[in-house]
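**Q** Can you read through this structure? Questions will come right after.
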Amino acid sequence: MTIAEVFNPLVLIGIALAGGLGSVIRFAMSKWQGYLPWGILLANITASFFAGWAVVYFNGNDTWVAITVVGLAGGLSTFSSWAGAAVQMAASGKAFRPAIYTIFTLVLSSTAAYLGLLLG
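The opening position of the sequence shown corresponds to residue 244 in this note's numbering, with each subsequent residue numbered one higher.
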C-alpha cells in the first residue's frame, strides 16, 4: 500500500467506520461478566480469528485488509480492557483468576487467529 493509498480519504473513513463498529460490538460484549470477563475474552478471540481470516481472504487487497484488520478487528479487540480486567481481578484478591484469564486470552486468541488463516 502506497502512502497515497494509506491517506486516501475513503480508506481512512472505512477504517474509522469499521473501528467504530468493532468498538460498539466490544462494548456490548464486555457486559458479559462471570468468573472471568467472558465478553472481553470472546471479543479478543473473535477479533483474532477475523484478522487471521481477513489477511488470507483479502490477500492482495490492502485496502480491505486495512479496513477489516485495523478497523473492525482493531476496534473489537482490546489490550487495555484485557489489562484492566486482569489488574482489577488481582486487586480484589482473586489470585489465580488473572493468570487463568491471561493464559486463556493468549492461547485462545492465537489459536483463533491461526484457524482464521486456515479458513480464509
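Heads up, the beta-carbon is just placed ideally off N, CA and C, and yes, glycines get one too.
Leaving aside the five residues before and after V259 along the sequence, list all residues of the same chain whose C-beta is less than 8 Å from its C-beta, in chain order.
**A** Before going further, note that residue 259 is Ala rather than Val in the sequence given. Here the set comprises G314.
**Q** Quick check on this structure: which residue in T321, Q331, G303 and L362 has the alpha carbon closest to the alpha carbon of M244?
**A** Looking at the Cα atoms, G303 is the closest of the given residues.
**Q** Taking Cβ to Cβ, would you say T369 is nearer than 8 Å to R269?
**A** Any property of residue 369 remains undetermined from this structure, which presents the chain solely from 244 to 363.
**Q** Roughly how many angstroms separate the alpha carbons of A328 and S266, rounded to a whole number?
**A** Going by the C-alpha atoms only, they are around 17 Å apart.
**Q** Check whether the Cβ atoms of A261 and I310 sit closer than 8 Å, and answer yes or no.
**A** Yes, these two residues count as a Cβ contact at 8 Å.
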